[in-house]
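First up is the structure itself, then whatever we jot down about it.
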Amino acid sequence: MIVWDVTLSCILLGVTVLIGGCAAIMGMFSLMFLDDCPPETCSAGGAFSAVSIALVIAGVVGAVGLIVAIVRMNKRRVSWPISLGTLVACSVIIVVGGYGWASAVGA
251 MIVWDVTLSC ILLGVTVLIG GCAAIMGMFS LMFLDDCPPE TCSAGGAFSA
301 VSIALVIAGV VGAVGLIVAI VRMNKRRVSW PISLGTLVAC SVIIVVGGYG
351 WASAVGA
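Take the sequence shown: its letter number 19 is residue 269 in the numbering used here, and every next letter is one higher.
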């Protein structure tokens, strides 16, 4: 195995998991405090949909990226581009979900 590639891939995938965990916690807290949201400008259902859909899609993309990276590592092929792409894709999905939440609550 290529040691630097495995190390870099593990670091990138670990950062992806950390970002996903932080996004899940922030999503939970952002939904917890929608009680005083005025119904004229706020949609709690829309906020829930934006957060949950973004987290589910990011989780699926992260899992697929992890599996593909591990398969490539086992075949002794370079896997860091897959890990980097997974990190970027998950980050973009989470940011888009945050914008969806913000537009749903009128922020």
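Glycine included, each C-beta is placed from N, C-alpha and C at the ideal position.
Exercise. Is it true that the CB of Met276 sits closer than 9 Å to the CB of Met323?
Worked result: Residue 323 sits at position 73 when you count from the first residue of the sequence shown. Residue 276 sits at position 26 when you count from the first residue of the sequence shown. No, Cβ-Cβ distance for Met323 and Met276 is not below 9 Å.
Problem set entry | 6 Å Cβ shell around Thr266 - same chain, five flanking residues per side excluded | By one-based count along the sequence shown, residue 266 stands at place 16. Excluding sequence neighbours, Thr266 sits near Gly312, Thr336, Leu337, Cys340.
For this session: For Ser329, name the three-state secondary structure that DSSP assigns.
Result: In the sequence shown, residue 329 corresponds to position 79, counting from 1. In the structure shown, Ser329 sits in coil (DSSP, three-state: anything other than H, G, I, E or B).
Problem set entry | Selected residue, minimal CA-CA separation from Ala304, among Gly295, Ile343, Gly264, Val253 | Position 54 of the sequence shown holds residue 304. Closest option to Ala304, Cα to Cα, is Ile343.
Exercise. Using a threshold of 8 Å, is the CB atom of Asp285 nearer than that to any non-hydrogen atom of the ligand PLP?
Worked result: The ligand PLP is absent from the structure shown, which contains no ligands of any kind.
Exercise. So, Ile332 versus Val310, is the Cβ gap smaller than 9 Å?
Worked result: Here residue 332 refers to the residue found at position 82 when the sequence shown is read from its first residue. Here residue 310 refers to the residue found at position 60 when the sequence shown is read from its first residue. Contact flag unset, no.
Problem set entry | Integer Cβ distance of Ser259 from Ser329, believed to fall under 8 Å | For the purposes of this step, residue 259 is taken as the residue at position 9 of the sequence shown. For the purposes of this step, residue 329 is taken as the residue at position 79 of the sequence shown. Correct: roughly 5 Å between the Cβ atoms.
For this session: Taking Leu262 as part of the alpha helix (DSSP H), name the residues at either end of that continuous run.
Result: Counting from 1 along the sequence shown, the entry for residue 262 is found at position 12. Counting along the chain, the alpha helix (DSSP H) containing Leu262 begins and ends at 253-282.
Exercise. What's the call for Trp351, buried or exposed, on a 16-neighbour Cβ count within 10 Å?
Worked result: Taking the sequence shown and counting its residues from 1, the one referred to as residue 351 is at position 101. Buried, by the Cβ-count rule.
Problem set entry | Pairwise C-alpha distance: Ile269 and Gly416 | Outside the displayed span of the chain (251 to 357) sits residue 416, for which this structure offers no information.
Exercise. Can you tell me the Cα-Cα spacing of Arg327 and Ala357, whole angstroms?
Worked result: The residue you call residue 327 lines up with position 77 of the sequence shown. The residue you call residue 357 lines up with position 107 of the sequence shown. Going by the C-alpha atoms only, they are around 45 Å apart.
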